[in-house]
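A.B. asks: Encoded as structure tokens, here's the structure I'll be asking about.
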Amino acid sequence: MWRRLDDNQLIKKIHQGNADALERLIQKYYPEIYRFCYRKTGNPHIAADLTQEVFLRLVKSLDNYIHEGKFKSYLFTIALNLCHDYFRKQPPGMQRLDDFEVPAAENQITRIEQSYVVKEALSRLPDIQKDVVILRFYHDLTLPDIADIIGANLSTTKSRLKQGLEKLKKFFREEDFC
Amino acid sequence: MTDQKLKEILHRYSVPEIDPAHLRQTIQLAQKELNRARIYGKITFWELLAGQIRYISPYIWIAQAALLVLVFSLLPHLSRIGDAQQTAMAVLSTSSPLLALVAVPELGKSLHYQMWEMEMACRFNLQKLILLRLILFGVADLIVITTLLLFSSTHSPVSLIHLGMYILVPFTMANSLYLFILRKVRGKAATAAALSAGIFLSLGFALLSRFSDAYAVTTLTGWFLLFFLSAWILTREISTLFTYFSEGEQLIWIRS
Chain F
1 MWRRLDDNQL
11 IKKIHQGNAD
21 ALERLIQKYY
31 PEIYRFCYRK
41 TGNPHIAADL
51 TQEVFLRLVK
61 SLDNYIHEGK
71 FKSYLFTIAL
81 NLCHDYFRKQ
91 PPGMQRLDDF
101 EVPAAENQIT
111 RIEQSYVVKE
121 ALSRLPDIQK
131 DVVILRFYHD
141 LTLPDIADII
151 GANLSTTKSR
161 LKQGLEKLKK
171 FFREEDFC
Chain B
1 MTDQKLKEIL
11 HRYSVPEIDP
21 AHLRQTIQLA
31 QKELNRARIY
41 GKITFWELLA
51 GQIRYISPYI
61 WIAQAALLVL
71 VFSLLPHLSR
81 IGDAQQTAMA
91 VLSTSSPLLA
101 LVAVPELGKS
111 LHYQMWEMEM
121 ACRFNLQKLI
131 LLRLILFGVA
141 DLIVITTLLL
151 FSSTHSPVSL
161 IHLGMYILVP
171 FTMANSLYLF
181 ILRKVRGKAA
191 TAAALSAGIF
201 LSLGFALLSR
211 FSDAYAVTTL
221 TGWFLLFFLS
231 AWILTREIST
241 LFTYFSEGEQ
251 LIWIRS
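Laid out in structure tokens, this is it:
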């Protein structure tokens, strides 16, 4: 039954106090939010904690939630803000690449190395460009949706994406990575 | 390098598998939070305010009513014996610090009985509760002050604006002093200190209005300046008090 309901219908049910609808909504978006938090933080445990916090914040803010755009964008906005808060609270020099963890499913050295190089490339981008690249290339969001999430206008978003892509291409060319 | 190629490269950065236990925990915690929100429901500001009234001791309202009755009975009698203007000044300036004093024990409860933790674990945070109480006391005081003014104006030749200043200046000064004491003095001593300060302040204003010519002849502009100054001090004191509560909350959060 729940699979047939779209996000707005699920939210309506949650507003009525339906815990099953909330479970369905979390199951639907948990993987995507987790992947986003992981690519932002580079640590599976921190990513899991931040993902949990995203959904708790969502429940707390549901009373004030007014549907204007896509619900998915709303979730990504919460996730992005929480990731930024997380980095703000970290002492300088204790961020990002320090705790690179190899994905459990990966057992081939080349795949691990490639994963590491891509992570390294992303970590070199400024946050404002990295956010746009992650949302566009890993989550297939449209530019207007990304602009909505990061709170910038469309031309700024396009420009950040372009700059980010140029830097990534340059990095991969220098690393002879293709 | 094309965007498509770049996308392919970026996707080589894989993400670890999701921990199903963590997903289950997230669902359980979120459902718990939802149930909590459902129990409480969403209430309006007025419902919130009305809900707080029952937690305020009835003695406060009785004390305010008693103060009104006392002024009602004293003012006409005293006006007949002495100078009407001085009598109005003395009665109003003396009663206004006492009027502000009535709310002090109630405001001090959180500090006296170390209720911070309990209040913070409840539905509303301490700042919100204090703000609600201040609003309630403020409204009650406003009603009493208006009643006092209207009554005094019928028994005194002094203009309503002057009468207003005689009551508002001591009232705001007294409130600033009480809030300062509540913030600075710890434990039960805070209420005792505020009560003593209130009585002294009240007596001081009574003496000043009775014997000081300067007080009696101060121009309206002077009174307005005094009023704005005391109102500014009160605003700052309220702001500092809220910062103090906020820091107290953080302190307890860190300790726990």
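From first to last, the protein sequence lines are chains F and B.
The numbers in the UniProt record's numbering rise by one with no breaks, and the one at position 15 of the first sequence is 15.
The numbers in the UniProt record's numbering rise by one with no breaks, and the one at position 117 of the second sequence is 117.
From the three backbone atoms N, C-alpha and C, an ideal C-beta is built for every residue, glycine too.
Would you mind reading off the limits of the alpha helix (DSSP H) that contains residue 179/F?
C.D. replies: Nothing can be reported for residue 179/F: it is not among the residues displayed for chain F, which extend from 1 to 178.
A.B. asks: I need the DSSP call for L5/F, collapsed to helix, strand or coil.
C.D. replies: The answer is coil: DSSP assigns L5/F none of H, G, I, E or B.
A.B. asks: Would a check of beta-carbon distances place S123/F closer than 8 Å to chain B?
C.D. replies: S123/F does not count as touching chain B.
A.B. asks: Do L101/B and Y166/B have their C-beta atoms within less than 8 Å of each other?
C.D. replies: Cβ distance not < 8 Å, so L101/B and Y166/B don't count as in contact.
A.B. asks: Which residue comes first and which comes last in the alpha helix (DSSP H) that contains V54/F?
C.D. replies: Where V54/F is concerned, the enclosing alpha helix (DSSP H) stretches over 44-61.
A.B. asks: Have a look at T235/B, L10/B, W61/B, I18/B and flag the residue whose alpha-carbon is nearest the alpha-carbon of V139/B.
C.D. replies: Cα-wise, what sits closest to V139/B is W61/B.
A.B. asks: Would you say T51/F reaches chain B, if we count a Cβ-Cβ gap shorter than 8 Å as a contact?
C.D. replies: Yes, T51/F lies at the interface with chain B (some Cβ there is under 8 Å from its Cβ).
A.B. asks: In the structure shown, what three-state DSSP assignment does I18/B receive?
C.D. replies: In the structure shown, I18/B sits in coil (DSSP, three-state: anything other than H, G, I, E or B).
A.B. asks: Would a check of beta-carbon distances place Q127/B closer than 8 Å to chain F?
C.D. replies: It does not; no Cβ of chain F falls within 8 Å.
A.B. asks: Given a cut-off of 8 Å on the beta-carbon distance, is the pair P97/B and P157/B in contact?
C.D. replies: No, the Cβ-Cβ distance between P97/B and P157/B is not below 8 Å.
A.B. asks: Quick one: which chain B residues come within Cβ less than 9 Å of residue 182/F?
C.D. replies: Summary: the structure shown does not reach residue 182/F, with chain F confined to residues 1 through 178, and so no result is reported for it.
A.B. asks: For chain F, is any of its Cβ atoms less than 8 Å away from the one on K109/B?
C.D. replies: No, K109/B lies away from the interface with chain F (no Cβ there is under 8 Å from its Cβ).
A.B. asks: When the distance is taken between beta carbons, is L168/B closer than 8 Å to F227/B?
C.D. replies: Yes. Within cutoff.
A.B. asks: What whole-angstrom Cβ distance do V91/B and L107/B have, given they're in contact under 8 Å?
C.D. replies: Not confirmed; about 25 Å, so no contact.
A.B. asks: When the distance is taken between beta carbons, is M1/B closer than 8 Å to F172/F?
C.D. replies: Yes, the Cβ-Cβ distance between F172/F and M1/B is below 8 Å.
A.B. asks: Return the CA-CA distance between K60/F and E53/F, expressed in angstroms with no decimal places.
C.D. replies: Straight-line Cα distance between these residues: approximately 10 Å.
A.B. asks: With K167/F and L125/F assumed to form a contact (beta carbons below 8 Å), what rounded beta-carbon distance in angstroms separates them?
C.D. replies: About 6 Å separates the two Cβ atoms, so the contact holds.
A.B. asks: Nearest-angstrom Cα distance between D145/F and H139/F?
C.D. replies: The straight-line gap from Cα to Cα measures roughly 11 Å.
A.B. asks: What does the Cβ neighbour count give for G151/F, buried or exposed, with the cut at 16 atoms within 10 Å?
C.D. replies: It counts as exposed.
A.B. asks: What do you reckon, are the CB atoms on A174/B and L182/B nearer than 8 Å?
C.D. replies: Cβ atoms of A174/B and L182/B: not closer than 8 Å.
A.B. asks: Checking 8 Å against the spacing of the C-beta atoms, do T172/B and S230/B come in under that value?
C.D. replies: Closer than 8 Å, so yes.
A.B. asks: Since L99/B and I161/B should fall inside the 8 Å C-beta cutoff, what is the C-beta to C-beta distance between them, to a whole number of angstroms?
C.D. replies: Their Cβ separation, rounded to whole angstroms, is 19 Å, which puts L99/B and I161/B out of contact at 8 Å.
A.B. asks: If we cut at 8 Å on Cβ distances, does P76/B have a partner in chain F?
C.D. replies: Taking Cβ atoms only, chain F never reaches closer than 8 Å to P76/B, which makes this a no.
A.B. asks: So Q114/F contacts chain B; which residues on that side make the cut at Cβ distance below 7 Å?
C.D. replies: Per Cβ cutoff of 7 Å: R12.
A.B. asks: Taking contact to mean at least 3 C-beta pairs separated by less than 8 Å, is the stretch 114-125 of chain F in contact with the stretch 13-24 of chain B?
C.D. replies: Yes, the stretch 114-125 of chain F is in contact with the stretch 13-24 of chain B.
A.B. asks: Show which residues of chain F have a CB atom less than 7 Å away from the CB atom of D83/B.
C.D. replies: None at all; the shortest Cβ gap to chain F is about 59 Å.
A.B. asks: To the nearest angstrom, how far is the alpha carbon of S155/F from that of K119/F?
C.D. replies: C-alpha separation (whole angstroms): 26 Å.
A.B. asks: At least one CB of chain F closer than 8 Å to the CB of T44/B: is that the case?
C.D. replies: It does not; no Cβ of chain F falls within 8 Å.
A.B. asks: Check the Cβ-Cβ distances between K119/F and every residue of chain B, and say whether any is below 8 Å.
C.D. replies: Taking Cβ atoms only, chain B reaches closer than 8 Å to K119/F, which makes this a yes.
A.B. asks: Taking L10/F and A30/B to be in contact with their CB atoms under 8 Å, please state how far apart those CB atoms are, rounded to whole angstroms.
C.D. replies: The Cβ separation is near 13 Å, so there is no contact.
A.B. asks: Whose Cβ in chain F lies nearer than 7 Å to the Cβ of L29/B?
C.D. replies: Going along chain F in sequence order, the residues near L29/B (Cβ under 7 Å) are Q52, L56.
A.B. asks: For the putative contact between L75/F and L58/F, defined by C-beta atoms under 8 Å, what is the C-beta separation to the nearest angstrom?
C.D. replies: Sure, about 7 Å apart at Cβ, within 8 Å.
A.B. asks: Would you kindly check if the distance between the Cβ of Q52/B and the Cβ of L136/B is under 8 Å?
C.D. replies: Yes, these two residues count as a Cβ contact at 8 Å.
A.B. asks: Would F205/B pass as a contact of S73/B if the rule is Cβ separation under 8 Å?
C.D. replies: No. Outside cutoff.
A.B. asks: Between G17/F and the rest of its own chain, which residues show a CB-CB distance below 7 Å, the 5 nearest in sequence each way excluded?
C.D. replies: The answer is none, since no qualifying residue turns up.
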